[in-house]
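Trainee: Chains as they are written, first to last, in full-length UniProt numbering: chain A, 1 to 330; chain B, 1 to 330; chain C, 1 to 375; chain D, 1 to 375.
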Amino acid sequence: MTTQRMTFAKAINTGLRKALEHDPKVMLMGEDIGALGGVFRVTDGLAKDFGGDRVVDTPLAESGIVGTAIGLALRGYRPVCEIQFDGFIFPAFDQITTQLSKMHYRSRGRLNLPVVIRVPYGGGIGAVEHHSESPEVLFAHTAGLRVVSPSDPQDAFTMIQQAIASPDPVMFFEPKGRYWEKGDVDTDADPLAAASTLDGARVLRSGTDVTLVAHGPTVATALKVADAAASEGRSVEVVDLRTISPLDTTAVAESVRRTGRCVVVHEAPVLYGTGAEVAARITEECFYHLEAPVLRVGGFHTPYPVAKLEHEYLPGLDRVLDAVDRVLAH
Amino acid sequence: MTTQRMTFAKAINTGLRKALEHDPKVMLMGEDIGALGGVFRVTDGLAKDFGGDRVVDTPLAESGIVGTAIGLALRGYRPVCEIQFDGFIFPAFDQITTQLSKMHYRSRGRLNLPVVIRVPYGGGIGAVEHHSESPEVLFAHTAGLRVVSPSDPQDAFTMIQQAIASPDPVMFFEPKGRYWEKGDVDTDADPLAAASTLDGARVLRSGTDVTLVAHGPTVATALKVADAAASEGRSVEVVDLRTISPLDTTAVAESVRRTGRCVVVHEAPVLYGTGAEVAARITEECFYHLEAPVLRVGGFHTPYPVAKLEHEYLPGLDRVLDAVDRVLAH
Amino acid sequence: MTTSGPLTDDGLVQLLTPTGERVDHPDYTPRVAHLDDEALRGLWRDMVLVRRFDTEATALQRQGELGLWAQCLGQEAAQVGSGRALAPQDYVFPSYREHGVAHTRGLDLTELLRLFRGVDHGGWDPTDVNFHLYTLVIGSHTLHATGYAMGVQRDGAVGTGDPGRDTAVVTYFGDGATAQGDVNEALVFAAVNNAPLVLFCQNNQWAISEPTTRQARVPLAARGPGFGVPSVRVDGNDVLACYAVTAEALERARSGGGPTLVEAFTYRMGAHTTSDDPSRYRSAAEEDYWRQRDPIDRLTTYLTATGALTDAFRAEVEAEADALGERTRTFVRALGRPETSTMFEHVYATPHAVVDAERAWFEQYEASFAGGEQR
Amino acid sequence: MTTSGPLTDDGLVQLLTPTGERVDHPDYTPRVAHLDDEALRGLWRDMVLVRRFDTEATALQRQGELGLWAQCLGQEAAQVGSGRALAPQDYVFPSYREHGVAHTRGLDLTELLRLFRGVDHGGWDPTDVNFHLYTLVIGSHTLHATGYAMGVQRDGAVGTGDPGRDTAVVTYFGDGATAQGDVNEALVFAAVNNAPLVLFCQNNQWAISEPTTRQARVPLAARGPGFGVPSVRVDGNDVLACYAVTAEALERARSGGGPTLVEAFTYRMGAHTTSDDPSRYRSAAEEDYWRQRDPIDRLTTYLTATGALTDAFRAEVEAEADALGERTRTFVRALGRPETSTMFEHVYATPHAVVDAERAWFEQYEASFAGGEQR
Ligand SMILES: Cc1ncc(C[n+]2csc(CCOP(=O)(O)OP(=O)(O)O)c2C)c(N)n1
Ligand SMILES: Cc1ncc(C[n+]2csc(CCOP(=O)(O)OP(=O)(O)O)c2C)c(N)n1
Ligand SMILES: [Mg+2]
Ligand SMILES: [Mg+2]
């Protein structure tokens with residue numbers, strides 16, 4: 001196995017390249033993904049190497065991007081759409097919610113739509129409005145979509161390829177604030193032979209006092225929290241959900257049965273966020289093991305605020321540690 | 001006070017009429033709401049009486065309906081949009097999520113958007129696909145929108161008028177399966193002088209064994225459950241949430257502190273549905289009072305099924321009673 | 001008729017007048033020159049069968065056997081004419097009223113009824129007959145058609161000159177649909193990609209209760225050129241003209257000439273659906289006017305005049321229609337309630353933990369009533 | 001230049017050539033006849049000030065004082081020309097690059113910078129200057145403009161003949177935006193309602209890295225007539241022509257003549273935003289070509305030739321520009337971080353239990369660090 005050190009963005013780029021090499025039906029579509037390589041350069045070099053028919057600069061219309069991707073998939077292609085920023089996915093919401101998600105069901109399994117929609121999401125990058133949101137729950141509520149989010153370069157590399165290989169439509173949420181963080185990636189391993197990363201959570205760090213559940217951008221935060229808590233003598237288990245749909249609470253429940261306490265963290269607003277479902281489910285599954293209610297830390301019920309205030313809005317180290325303290329104090 | 005017996009649909013019609021009479025800036029917009037009176041006849045007679053400039057048959061474009069309503073509101077009008085069916089609101093999702101909800105915040109309170117979006121929602125009417133869905137949580141997660149749902153004619157009459165009078169945008173979900181159910185409505189009372197129905201829950205029936213939380217179409221089911229349970233010697237308290245955003249758990253928590261048990265029911269799929277938030281919050285607020293985890297009953301994680309199966313899909317009397325049994329057995 | 005706006009009949013391509021006379025059109029007459037009496041009788045037969053089926057389905061809805069039915073009454077010429085111009089490899093993305101097109105694709109019409117009976121959201125395998133499932137969300141499928149056409153291009157199935165290979169895609173939508181963003185985005189994507197697509201708009205003058213004048217202020221065909229998409233207006237009640245303009249548009253698409261917008265100017269003679277009541281919004285006089293221009297009648301008149309429509313053939317088709325009616329009734333009544341557990345099938349193509357768990361719970365729950373526990 | 005497609009310069013209304021010569025246009029020359037030397041100098045001054053401000057903001061972004069900046073470099077004529085044709089009661093819905101228009105509305109340009117510094121999502125009261133907040137979601141605001149114009153109609157502020165009352169609405173958007181469903185729906189709603197709206201498209205030839213040929217295959221102005229909206233293509237680097245065509249469109253709108261689509265053919269001389277790197281997707285030669293057609297230069301040449309642009313006036317404007325630059329720097333640097341609690345303000349106009357509870361929690365949480373507890 002050859003591991004290479006690379007950024008999160010480069011890991012996705014490499015995964016996309018492998019997918020394009022591996023299957024001639026794979027194609028990328030989006031705004032500015034060609035010559036420019038995408039506003040985050042995630043598709044850098046791919047148009048040059050695979051041509052404008054496979055790495056397509058589309059018109060500026062998200063519904064059109066997803067709608068035509070559906071048609072291409074019906075013709076046997078495997079389109080991977082890039083939505084430029086989280087806040088710009090909503091013009092495509094109808095195509096995703098009423099068409100992409102339901103075609104397999106409506107056709108009683110006769111039609112598959114292997115479409116991946118890549119969405120750079122989350123905050124912390126000092127951007128203007130609509131560029132820092134976390135809308136994942138708005139897709140996870142709809143049956144027929146898989147909703148996933150990698151949290152480090154290795155997973156990003158594996159998950160993007162598994163998502164592209166999946167016969168199901170996959171909403172692929174990329175924590176853009178982590179794009180430039182580096183990690184080791186085994187680029188030789190065949191991700192299609194590897195265990196599925198699209199079905200469930202993984203325990204990233206074991207601990208005994210409290211279970212900390214995160215996904216995407218907050219996983220790195222959770223790991224820092226675990227470090228900080230350790231220095232105060234508290235043992236935090238960190239679970240990376242990886243997938244929002246399916247939501248597989250097996251690993252979380254197993255952990256909570258040991259720790260008796262659980263904190264869920266995400267960047268999206270807490271109200272009706274993914275953490276509500278995790279909390280409700282874990283409480284149901286682990287009722288007699290819980291020493292305290294499941295606590296949630298996330299964004300507030302406000303629009304994503306101005307850049308100068310985003311660090312107060314986002315669930316950072318301090319707010320998560322505070323919740324860990326509170327859940328332990330119960 | 002003169003109460004009149006009328007259907008739910010007629011109660012909204014009457015409320016709309018009062019609002020049109022009361023404020024010349026109020027106007028209705030939507031597909032087929034004029035001569036036809038809407039596909040459910042909720043706007044019956046209004047175009048005739050108030051003219052085509054105030055009761056507007058719009059082009060067939062939901063984004064256009066909401067987008068132009070925003071512009072009209074900026075010019076001082078109070079547009080009430082009708083979306084023909086729940087499943088057709090998604091073309092307007094972007095306008096609602098990125099524009100309607102955020103204008104007040106973005107302008108630091110300088111601009112108000114008093115827009116009401118009426119959405120007949122929910123199932124049980126034997127319809128074809130896209131005509132029976134319950135997407136309320138997809139709006140409640142977004143700050144800046146109020147999301148409400150009346151459950152009987154009197155509330156429908158009051159709430160529609162309070163929604164129109166509100167300076168905030170209101171997503172007004174009407175349980176279409178209840179449109180033809182009748183109730184007494186006090187049409188003389190000034191709803192704008194009455195207590196707000198847009199801020200919180202109401203207890204519809206008191207009980208001591210378990211708290212049953214519902215909204216919109218499932219409130220009637222909950223009342224039937226309470227009757228059935230009573231005949232088996234079980235005392236069920238029924239709380240009608242009325243508003244999904246704000247979610248005011250005060251009444252629910254107060255109840256649960258007495259009953260120690262809670263079941264939440266809604267038609268939308270359970271996964272990431274509104275019940276998750278209710279469960280998470282109630283567990284947090286009433287942790288030491290709960291004898292059992294909060295149970296949820298709702299739709300399954302599938303697209304809304306074919307009409308012939310919808311009664312198995314929907315949370316009916318049996319499934320809710322089963323949950324009541326289970327929560328009591330804990 | 002108005003002479004301007006979207007309800008004018010100015011500039012319509014016509015080959016057969018409402019009174020059943022053939023007229024010539026320099027561009028389009030050659031497109032139907034090869035249609036001999038047998039072919040013309042075939043078009044007549046198609047329309048008659050489709051209408052019978054439509055009438056039967058309407059009756060079945062009235063009897064409570066269908067939840068809903070959307071009639072294509074009055075639009076048979078637009079649908080059969082365009083549908084018969086297609087090649088087997090062409091692919092169709094219909095809206096929800098294209099029963100006539102379905103018939104021309106070789107789909108057994110009865111298959112359409114599963115959806116309207118509420119036992120299926122689709123009902124057939126689209127790839128069997130290159131006819132996609134009905135789409136109820138107005139306009140959405142026009143983008144699917146555009147994407148499919150982009151796939152056809154990538155497959156090299158355009159402009160090869162091989163008539164068995166070159167492929168066109170057709171999407172059907174209504175006058176109301178032209179207001180939707182998606183339909184306009186389809187025009188953008190089709191134009192920019194020069195996709196082998198025919199955008200076939202049936203302007204039946206009504207979107208439920210709204211006349212086309214609420215959706216546009218100029219003829220809908222004008223929309224195309226503004227996007228760089230050539231367009232044509234055709235008399236949608238003239239099956240020959242519909243055949244001819246579609247054939248030309250398909251040929252352009254297959255040969256690499258790109259998309260075409262066709263506006264077929266027709267009339268929805270029935271209600272929007274069986275739930276609708278047109279008397280609330282349109283006049284009997286208008287309906288009468290259009291009954292005089294019935295698309296089947298004019299072909300009947302013409303073929304009777306030429307002697308092509310023999311009594312024997314009429315009787316034969318009549319019998320066939322009776323048999324179809326009978327078969328439709330039997331088929332529908334035999335369509336049972338699907339197994340409840342099918343509700344959980346095909347949500348995903350691969351296992352999904354939540355669906356699996358909910359399904360398991362539900363089956364156990366259902367089983368618990370087996371012993372007669374149900375309240 | 002291409003001679004077809006959306007990047008052709010065919011059919012552009014022009015009153016001032018790139019080399020600074022006045023040319024006549026039968027329809028539009030009369031529209032600028034009343035502009036005397038002072039008025040022309042005013043346009044020149046506007047453009048120079050806007051450019052200086054734009055340069056200053058770019059520099060401030062480079063220094064880390066702004067999070068982002070979207071330059072209007074090269075589009076000053078389109079913006080100032082159209083903006084100066086407006087009446088005070090007219091209302092503007094801009095996109096995010098209309099700094100030149102903002103200036104003509106009387107908005108102090110520095111106010112634009114709160115958004116780009118990350119201290120505000122808006123920054124001004126739109127009703128003070130009839131200039132709405134910037135909208136970043138491409139195309140969305142065109143529908144707001146259409147709705148606003150429908151409100152103007154309902155207020156009876158169209159076609160009264162009273163020049164102080166009749167009101168037009170203008171919305172600005174880019175070439176890329178024309179692909180969005182919303183922009184096309186705006187055309188539908190505006191046409192059907194005959195709304196007093198001017199849809200002003202600045203075709204600056206690029207949507208970030210994509211040339212207009214990725215969005216359309218015919219000139220964007222062609223889009224209008226397909227919806228029943230008259231349209232005009234204008235040389236967007238010719239401030240006089242932009243003034244003239246906008247004045248005409250506004251007059252049509254105010255008098256009840258309905259909407260107009262204006263395509264101003266111009267060039268984005270700078271990067272898309274300060275985050276962009278145009279060298280990845282376009283040639284230096286192209287940029288050079290357009291630098292030769294700088295919108296300010298041609299007015300400078302013309303006014304210098306006519307003697308209207310005196311050295312004294314130039315010095316005066318230069319000083320004014322310096323002062324604006326200075327004021328901009330000071331203003332931006334003084335824009336402090338908003339109070340954290342403002343994050344919770346104005347989410348709703350009336351109390352909302354969840355916001356109130358979260359705010360209360362947060363304030364208590366923040367207060368808990370006051371004693372130095374923060375880790
Ligand atoms: C997005 C969306 N909005 C609303 C509806 C409800 N609806 C169903 S059919 C229809 C009218 C369609 O008119 P048109 O496009 O002219 O087609 P026709 O029914 O005349 O064939 C409407 C408004 C829908 N199905 N989808
Ligand atoms: C709905 C949406 N999709 C994508 C973006 C990202 N984006 C910002 S500007 C831009 C290009 C806009 O091009 P154009 O309309 O020509 O305007 P210009 O920037 O040239 O003035 C894109 C794709 C966005 N802001 N909104
Ligand atoms: Mg129609
Ligand atoms: Mg541009």
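For each residue, glycine too, the CB sits at the ideal point set by N, CA and C.
Would you call the CB atoms of Gly174 of chain C and Val306 of chain B closer than 7 Å?
Mentor: no
Trainee: Using 6 Å as the cut-off, classify the Cβ of Arg62 of chain C as near or not near the heavy atoms of ligand 1, replying yes or no.
Mentor: no
Trainee: For a quick check, are the C-beta atoms of Gly270 of chain D and Glu56 of chain D less than 7 Å apart?
Mentor: no
Trainee: Could you spell out where the beta strand (DSSP E) holding His301 of chain B opens and where it closes?
Mentor: For His301 of chain B, no beta strand (DSSP E) segment is defined, and its DSSP state is neither H nor E.
Trainee: Any Cβ of chain B within less than 7 Å of the Cβ of residue 399 of chain A?
Mentor: Nothing about residue 399 of chain A can be reported from this structure: the residues present for chain A run from 1 to 330 only.
Trainee: May I ask you to verify whether the segment 159 to 174 of chain D touches the segment 110 to 119 of chain B, counting CB pairs closer than 8 Å and requiring at least 3?
Mentor: no
Trainee: Compute the Euclidean distance between the alpha carbons of Trp206 of chain C and Gln180 of chain C, then round it to the nearest angstrom.
Mentor: 15 Å
Trainee: Closer than 7 Å, Cβ to any Cβ of chain B: which residues of the segment 88 to 109 of chain D, in chain order?
Mentor: none
Trainee: Distance check for Val101 of chain C and Ala349 of chain C, CA to CA, integer angstroms please.
Mentor: 30 Å
Trainee: Show which residues of chain A have a CB atom less than 8 Å away from the CB atom of Val152 of chain C.
Mentor: Arg75
Trainee: Please compile the residues from chain B whose C-beta is within a distance smaller than 7 Å of the C-beta of residue 391 of chain C.
Mentor: Because chain C spans 1 through 375 in this model, residue 391 of chain C falls outside it and cannot be assessed.
Trainee: Quick one: give me the first and last residue of the alpha helix (DSSP H) that Pro135 of chain B is part of.
Mentor: It is not in any alpha helix (DSSP H) - Pro135 of chain B carries neither H nor E in the DSSP assignment.
Trainee: Any C-beta of chain B within less than 7 Å: which residues of the segment 15 to 49 of chain A qualify?
Mentor: none
Trainee: Check whether the Cβ atoms of Gly5 of chain C and Arg293 of chain C sit closer than 7 Å, and answer yes or no.
Mentor: no
Trainee: Let me check one thing: in DSSP terms, what residues is Tyr121 of chain B bridge-paired to?
Mentor: Bridge partners of Tyr121 of chain B: B:Pro175.
Trainee: So with CB distances below 7 Å, who are the chain A contacts of Tyr281 of chain D?
Mentor: Result: Ala35, Leu36.
Trainee: In chain order, what residues of the same chain have a beta carbon less than 6 Å from the beta carbon of Val317 of chain D, not counting five sequence neighbours either side?
Mentor: Result list for Val317 of chain D: Arg45, Val48, in chain order.
Trainee: Since Asp240 of chain A sits in a beta bridge, which residues does DSSP pair it with?
Mentor: A:Arg202, A:Ala214
Trainee: Whose C-beta lies closer than 8 Å to the C-beta of Ile70 of chain B among residues of the same chain, with five residues either side of it excluded?
Mentor: Gln95, Gln99, Leu100, Met103, Leu113, Val115
Trainee: Please return the same chain residues whose Cβ sits closer than 8 Å to the Cβ of His141 of chain C, not counting the five positions on each side in sequence.
Mentor: Phe93, Pro94, Ser95, His132, Thr135, Thr171, Phe173
Trainee: Can a CB atom of chain A be found closer than 7 Å to the CB of Ala279 of chain B?
Mentor: yes
Trainee: Whose CA, out of C:Leu73, C:Arg114, C:Leu7, lies closest to the CA of Arg106 of chain A?
Mentor: C:Arg114
Trainee: Against chain C, with Cβ distances strictly below 7 Å, would Phe90 of chain A count as a contact?
Mentor: So, not an interface residue.
Trainee: Say whether chain E places a C-beta atom closer than 7 Å to the C-beta of Arg106 of chain B.
Mentor: In the displayed structure, chain E is absent; the protein chains listed are A, B, C and D.
Trainee: In the DSSP assignment, what are the bridge partners of Val170 of chain B?
Mentor: BP columns for Val170 of chain B point to B:Val116, B:Arg146.
Trainee: Any beta carbon of chain B sitting closer than 7 Å to that of Glu363 of chain D?
Mentor: Not one chain B Cβ lies under 7 Å of Glu363 of chain D.
Trainee: Considering just the uninterrupted stretch of the beta strand (DSSP E) at Phe265 of chain C, what are its terminal residues?
Mentor: 260 to 265
Trainee: Please decide whether Glu312 of chain A counts as near chain D, where near means a Cβ-Cβ distance under 7 Å.
Mentor: yes
Trainee: If we cut at 7 Å on Cβ distances, does Thr98 of chain A have a partner in chain C?
Mentor: yes
Trainee: In three-state terms, what does DSSP make of Met29 of chain A?
Mentor: strand
Trainee: Does the Cβ of Trp206 of chain D lie closer than 6 Å to at least one heavy atom of ligand 6?
Mentor: Ligand 6 is not among the ligands present in this structure, which contains only ligand 1, ligand 2, ligand 3 and ligand 4.
Trainee: Can you tell me whether Asp54 of chain D is buried or exposed, with buried defined as 16 or more other CB within 10 angstroms of its CB?
Mentor: buried
Trainee: Touch check for the segment 148 to 167 of chain A and the segment 179 to 192 of chain A: three-plus C-beta pairs under 8 Å?
Mentor: yes
Trainee: Give the residues of chain C in contact with Thr132 of chain A, contact being defined as C-beta atoms less than 8 Å apart.
Mentor: In the sequence as displayed, the identity of residue 132 of chain A is Ser instead of Thr. Chain C residues near Ser132 of chain A: none, gap ~26 Å exceeds 8 Å.
Trainee: Give me the Cα-Cα distance between Phe331 of chain D and Thr58 of chain D, rounded to the nearest whole angstrom.
Mentor: 15 Å
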